[in-house]
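The opening residue of the sequence shown carries number 1 in UniProt numbering; numbering runs sequentially from there.
Only one structure is covered here, and it is reproduced in the block below.
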Amino acid sequence: MLIFLVVQNASLDPSENSDSGISSGPEKDKTFGIQQRLKELEDKLDTKKYKGTRIIGVVGMPGIGKTTLLKELYKTWRRKFSRHKLIDQSYVKSDNSMLDYLGTELFKKPASELKDPQIDGSKEPFKTHQGLLNRCKVLVVLDDVSRREQIYAVLGEHDLLKKHEWVKDGSRIVIATNDMSLLKGLVHDTYVVRQLNHRDSLQLFCYHAFDDDQANPPKGNFMKLSEDFVQYARGHPLALKILGRELHGLKMKHWEEKLKLLAQNPCTYIGMFLQESYKELSSEQKEAFLDIACFRSEDVDYVESLLASSDPGSVEATSAVKALTNKFLINTCDGRVEMHDLLYKFSRKLDQDGSGQRRLWLHKDIIKEGVINILHETLEPEDVRGIFLDLYELKEETSLEYDRFSQMHNLRYLKFYNSHCPQECKTDNKINIPDGLKLPLKNVRCLHWLKFALEELPNDFDPFNLVDLKLPYSEIQRLWNSVKDTPILTWVDLNHSSKLSDLSGLSRARNLQILNLEGCTALETFPDDMVEMKSLASLKILTLSGCSIFTEFPLISENLEALYLDGTAISQIPNNIGNLHRLILLNMKDCKMLENIPTSVGELKALQKLVLSGCLKLKEFPEINKSSIKFLLLDGTSIKMMPQLPSVQYLCLSRNDQISYLPASINQLFHLTWLDLKYCTSLTFVPELPPNLHYLDAHGCSSLKTVAKPLARIMPTVQSHCTFNFTNCNNMEQAAIEEITSYAQRKCQLLSDIRKHYNEGLSSEALFTTRFPGCEVPSWFCHEERGSMLQRKLLPHWHDKSLSGIALCAVVSFPAGQNQISSFSVACTFTIKVQDKSWIPFTCQVGSWEGDKEDKIESDHVFIAYITCPHTIRCLEDENSDKCNFTEASLEFNVTGGTSEIGKFTVLRCGLSLVYAKDNNKNSSHEAKYDMPVEVSFQEPQHGMKEEQRKLKNQESMIDDHRRSEKPEGVKMSSVTQTCGASVTPRLGDLQANG
Numbered sequence: 001m002l003i004f005l006v007v008q009n010a011s012l013d014p015s016e017n018s019d020s021g022i023s024s025g026p027e028k029d030k031t032f033g034i035q036q037r038l039k040e041l042e043d044k045l046d047t048k049k050y051k052g053t054r055i056i057g058v059v060g061m062p063g064i065g066k067t068t069l070l071k072e073l074y075k076t077w078r079r080k081f082s083r084h085k086l087i088d089q090s091y092v093k094s095d096n097s098m099l100d101y102l103g104t105e106l107f108k109k110p111a112s113e114l115k116d117p118q119i120d121g122s123k124e125p126f127k128t129h130q131g132l133l134n135r136c137k138v139l140v141v142l143d144d145v146s147r148r149e150q151i152y153a154v155l156g157e158h159d160l161l162k163k164h165e166w167v168k169d170g171s172r173i174v175i176a177t178n179d180m181s182l183l184k185g186l187v188h189d190t191y192v193v194r195q196l197n198h199r200d201s202l203q204l205f206c207y208h209a210f211d212d213d214q215a216n217p218p219k220g221n222f223m224k225l226s227e228d229f230v231q232y233a234r235g236h237p238l239a240l241k242i243l244g245r246e247l248h249g250l251k252m253k254h255w256e257e258k259l260k261l262l263a264q265n266p267c268t269y270i271g272m273f274l275q276e277s278y279k280e281l282s283s284e285q286k287e288a289f290l291d292i293a294c295f296r297s298e299d300v301d302y303v304e305s306l307l308a309s310s311d312p313g314s315v316e317a318t319s320a321v322k323a324l325t326n327k328f329l330i331n332t333c334d335g336r337v338e339m340h341d342l343l344y345k346f347s348r349k350l351d352q353d354g355s356g357q358r359r360l361w362l363h364k365d366i367i368k369e370g371v372i373n374i375l376h377e378t379l380e381p382e383d384v385r386g387i388f389l390d391l392y393e394l395k396e397e398t399s400l401e402y403d404r405f406s407q408m409h410n411l412r413y414l415k416f417y418n419s420h421c422p423q424e425c426k427t428d429n430k431i432n433i434p435d436g437l438k439l440p441l442k443n444v445r446c447l448h449w450l451k452f453a454l455e456e457l458p459n460d461f462d463p464f465n466l467v468d469l470k471l472p473y474s475e476i477q478r479l480w481n482s483v484k485d486t487p488i489l490t491w492v493d494l495n496h497s498s499k500l501s502d503l504s505g506l507s508r509a510r511n512l513q514i515l516n517l518e519g520c521t522a523l524e525t526f527p528d529d530m531v532e533m534k535s536l537a538s539l540k541i542l543t544l545s546g547c548s549i550f551t552e553f554p555l556i557s558e559n560l561e562a563l564y565l566d567g568t569a570i571s572q573i574p575n576n577i578g579n580l581h582r583l584i585l586l587n588m589k590d591c592k593m594l595e596n597i598p599t600s601v602g603e604l605k606a607l608q609k610l611v612l613s614g615c616l617k618l619k620e621f622p623e624i625n626k627s628s629i630k631f632l633l634l635d636g637t638s639i640k641m642m643p644q645l646p647s648v649q650y651l652c653l654s655r656n657d658q659i660s661y662l663p664a665s666i667n668q669l670f671h672l673t674w675l676d677l678k679y680c681t682s683l684t685f686v687p688e689l690p691p692n693l694h695y696l697d698a699h700g701c702s703s704l705k706t707v708a709k710p711l712a713r714i715m716p717t718v719q720s721h722c723t724f725n726f727t728n729c730n731n732m733e734q735a736a737i738e739e740i741t742s743y744a745q746r747k748c749q750l751l752s753d754i755r756k757h758y759n760e761g762l763s764s765e766a767l768f769t770t771r772f773p774g775c776e777v778p779s780w781f782c783h784e785e786r787g788s789m790l791q792r793k794l795l796p797h798w799h800d801k802s803l804s805g806i807a808l809c810a811v812v813s814f815p816a817g818q819n820q821i822s823s824f825s826v827a828c829t830f831t832i833k834v835q836d837k838s839w840i841p842f843t844c845q846v847g848s849w850e851g852d853k854e855d856k857i858e859s860d861h862v863f864i865a866y867i868t869c870p871h872t873i874r875c876l877e878d879e880n881s882d883k884c885n886f887t888e889a890s891l892e893f894n895v896t897g898g899t900s901e902i903g904k905f906t907v908l909r910c911g912l913s914l915v916y917a918k919d920n921n922k923n924s925s926h927e928a929k930y931d932m933p934v935e936v937s938f939q940e941p942q943h944g945m946k947e948e949q950r951k952l953k954n955q956e957s958m959i960d961d962h963r964r965s966e967k968p969e970g971v972k973m974s975s976v977t978q979t980c981g982a983s984v985t986p987r988l989g990d991l992q993a994n995g
C-alpha cells in the first residue's frame, strides 16, 4: 500500500506526525540541480498565470529525483495555502478497502469537529467534509502513485471536464508517478524530471564520496575516477548517491576495482530498486523490455515490428513499447528507441541470471572450444529466445554443426554481425558450415547473418514470422528453392551478395517496404511474374546501386519513395515513371548508358532530389514548367543548357565542358541558394545571379572572363552565411575582378546594417567570404600592410555600438611547383589591448579551399571575409564607454593545412576595414568614422593612396616613443589612425530591388 502522510497545517518532517505511523528522521542530504527543476515545476503551477484549479503530473524514471523535488516544492509552497497535504511513498501494494481508509484519513477534520467519526467505509470520504473543504484552497501532493485507483481514493473519480466537488478554485494538486499513462485525462500538464547535467552529477557524487559539504571536485587520479563513475551513472541521482556512499573512505585501489565490476554488473542496490518497477510489468511487457535491450537505438517502427505477433491486427508490440515508455523504462527520441545505460545493464543482468527464456550475447555462452555450442545443463533448446554473436570479437574461425538449431522452436532473434563496421563489409567469414545446415525455425523475427556461406537458406526454414532478413556479403544465389509465404517480411538487405541472380523468393512479400540489393552484380532484372502481379506493391525504398548488369527497371511499386539506380546499366527511364506520385528521391548517378530523361519526370509531384551525376551521355534535360525538385545534380553530364526549375534550391553543374553561358533569367530563380559551377571549362560569362544565392563555386572555370554588373542584387534579408568562390579563374578581366570586390563591399555594408537587429554571439563567425585571382588588397580596405602582420592604434570609441563587423583581406601567394595540398585555410589572429591590460586575442577564418588530390591553386589569390564582432570587443565597449583611450591592435594572417602551418604559401599583403551600421540621421562623413587610417594631421587622404606611401610621408611625426616603450618586445605599432569613407551606400538598383 501507499503510506499516506497526513499534514494538517503541518511540517514536512514525517517524524512530527504521530498519526502517520512513520518514524523516519529529517532528510539531511544536500541536493544539486534542484533549483532549476523547482523553477520549471513552479512555472506550471504559477498562481498568477493560472487562476483556476491546477493539477500537474510529475513523471520520470525510477530514482530520478521525483520525491526530492516534491519535498522541496511542498516545503516552499505549503505556507501559501491554509490546508496542505503531503502523501508520502512506500512500495507495499494496497487493496481497495485500504484506499477508502486512506482517503478518509486525508480529508477528515480535526477530531473536535467530527460529528460522526465512523466514516471508514465511505466510498467517497471527501463528500463528508465537502462544505468545509470548499471554503479554502488546498495544496495536495501525492508521491509514488502506481495505480489510478490511488488517485481516485484521494480526488474522487474525476477528469478535467468534470469540476471537483471538494476542491476550491485556485487549489494546486501535484501527482508523481513512474507511469505516465496513469495521468491521462486527469492532469492539466506534465513535468518530466530529467537526468542531472554533468556539473550537478559530479557535485552530488563528490558530496557523498568525499565528506565535502561544498561538493568540490577531487584532485589527481580521484578526479579521473570520479568522472568515470559520473559517466557510468548518466545523470541518475540515486545511482550517484549510492555509488558515492559505497566508495566513501575507500582507497583508490577499491575505486578501480569497483569501476571494473560495474562494467559487468550494475550496482546491487540500484538493481534492487529497479527490480520493483520491473515486477509491476506484465509477462509480455517483461519479455518486451528484455528484447528491446537487444535492439537499443533502433527505429521505433522496426522494434514494434519485431515485437509484434504474426497477426496483422495485433496491438501487442505497440502497446508494449508505449507502456514501457510511459513507465520510463525506455524512451523514444528522434524516432528511435533508447534506454538509459543503468536500465540497459540491469536488463542484461536480469537476462543473464533469469530462469525463463534467454537472450545470449556473451561469447562464453555461445562458443565453446571453437564450436558454436549454446546448450548446457541449465539451458534447454526451447529456452533460447535470441542469439547475438559479434563476429568482430572472434579471434579465430569457428564451425557450426548442421543440427545445432534443430530444437530451438522459440528462437526469435538470430544475429551474426560485426559491431565495428556499420556496413559489415570487413569481416572475414569466420563461421564454417561444413555439413550443411538444418534451420527449422518458425518463430524467427530477425535473421542477420554476415557472409552467410550457403547458396540458399535451408529448405526447412519457415519465414512466415520473419520481419527482418539481412544477409550481406553472402554466397546466396537465391533465398530458397520454393515459393514461401512471407506475410510480415518488411526489411530485406542482401547487399553485395555478388552471386544473387534470382529474386523469386520474394514474390509473396506483399508487405516488404525496404529492399537493399546494392552490389548484387549478378542480378539482371526482376522476375516477370513479380512485375505482373505487383508482388512488391508496398515497397517504399529500393536500392540497386552498383548492380552493373541490371539493364531495365520495371515499375514494381507505385508506393516508392526512394529509388537508387546509380551504377546500373539502365539506358532509359520508363515513361510510366510519372505514376510514382510518392517518389521523393531518384538517384541515377554514373548510369553511363543513360541518354535522355522523359518529360514524365515532371509528373513526379513529390520528387525533391534528382541525382544524374556522371551520366556522360546525357545531353539534354527536359523542359519542366512545374516541379517540386529542390536538389538537382547534373555534374559530369554533357548537357548544354542549364535547366530552369523555379523550385530548385541546390543546382550542381560542375565538370561540364559544354555549357558556355548561363541564361539571363537565372536571376529569377528566387529559391536558388547553392550553385556549383566547378570546372565548367567552357563558361565565359556569369550573368546577374539570384538575390538569395548563398553559395557560388566557380573554381577552375578557366574560360571565365566577365561577370554581370551588378553580380547580384543584395537583398536586406535575414543574415545568412554566404560564399562566392572564383579560385583558378585566371582569365577574368579586371572589370570582373572589380565588380566582385565591389559586390563584397556592398555585401559587407548590408550585413552590418542587418546585424544591428541581432544580438552578437560569444565568438566571431564569417558571414561572407569570397576569393579570386589577384595580388592587391581592394582600395576600399582602409588599413593595408605588406606581409602577414598589420599593427595599428585605433582611435577612442572605435568599438562603439554601431560597430557590427570586421572586413579582413589576405593576398596569398601560391608558388609554381608547389606540392599538392588537397585543402588549406587562411586565418587571422586579431589581438587587441586597452591601456595597460593584457592582450586579448581571437582567431577567425578568412577563407578556405578544398580540392581534388591532383588539384592546386595556380596563382596569387585574394581572400576576403566579413566577420561578426566577438564578445571580447563588445566587452571593450561596455567597459570603456566613458573613457577616451587609444587601442593597440595587431593582426597576423597565416595559411594552414590540417593542423600545421604551410610554409610555402606566403601572405603577401593584408587588409582591415571596420564596418559600422548605417545611421540615416547622420551624413556620410559621420558614418565613415574609424574606417580609414589617416595621419595625425587628420588631412583627407587621396583616393587610392597606398598605406605604405602615407606612412613614409609622415613617418617621423607619427612615432610615439612613450607607447613604443610600453609595448611587448617584437611588436611594432604604427601611427595613430583615424577613419574616413568606411560606410558603403547601396547602389540605386539595390535600393529599388529592396523596395
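Glycine residues also receive a C-beta, built at the ideal position from the N, C-alpha and C atoms.
Three-state secondary structure assigned by DSSP to residue i
i: residue 346; result: helix
i: residue 381; result: helix
i: residue 664; result: helix
i: residue 295; result: helix
i: residue 187; result: coil
i: residue 325; result: helix
i: residue 826; result: strand
Closest residue to residue i among the options (Cα-Cα distance)
i: residue 234; options: 395, 380, 692, 63; result: 63
i: residue 1000; options: 190, 145, 297, 55; result: What the structure shows of the chain is the stretch from 1 to 995, and residue 1000 is not part of that stretch, so it cannot be assessed.
i: residue 335; options: 365, 342, 325, 341; result: 325
i: residue 135; options: 740, 81, 86; result: 81
i: residue 373; options: 340, 277, 357, 407; result: 407
i: residue 569; options: 538, 601, 615; result: 615
i: residue 679; options: 729, 237, 828, 672; result: 729
i: residue 1048; options: 492, 485, 453; result: Residue 1048 is absent from the model: the chain starts at 1 and stops at 995.
i: residue 629; options: 248, 583, 564; result: 583
i: residue 746; options: 813, 574, 713, 555; result: 713
Distance between residue j and residue i (C-alpha atoms, nearest Å)
i: residue 595; j: residue 543; result: 21 Å
i: residue 622; j: residue 576; result: 16 Å
i: residue 532; j: residue 413; result: 34 Å
i: residue 449; j: residue 363; result: 16 Å
i: residue 147; j: residue 179; result: 9 Å
i: residue 684; j: residue 658; result: 11 Å
i: residue 341; j: residue 472; result: 30 Å
i: residue 845; j: residue 32; result: 40 Å
Buried or exposed (CB count within 10 angstroms, at least 16 for buried), residue i
i: residue 665; result: exposed
i: residue 887; result: buried
i: residue 150; result: buried
i: residue 354; result: exposed
i: residue 670; result: exposed
i: residue 76; result: exposed
i: residue 783; result: buried
i: residue 866; result: buried
i: residue 275; result: exposed
i: residue 294; result: buried
Original post:
Of all the beta strand (DSSP E) runs that stay within the bounds of the segment 462–534, which reach a length of 3 or more residues?
Top reply: Listed in chain order, the complete beta strand (DSSP E) runs (minimum 3 residues) inside the segment 462–534 are 468–470, 491–493, 514–516.
Original post:
Which runs of the beta strand (DSSP E) fall wholly inside the segment 570–657 and span at least 3 residues, in chain order?
Top reply: 585–587, 609–611, 631–633, 650–652
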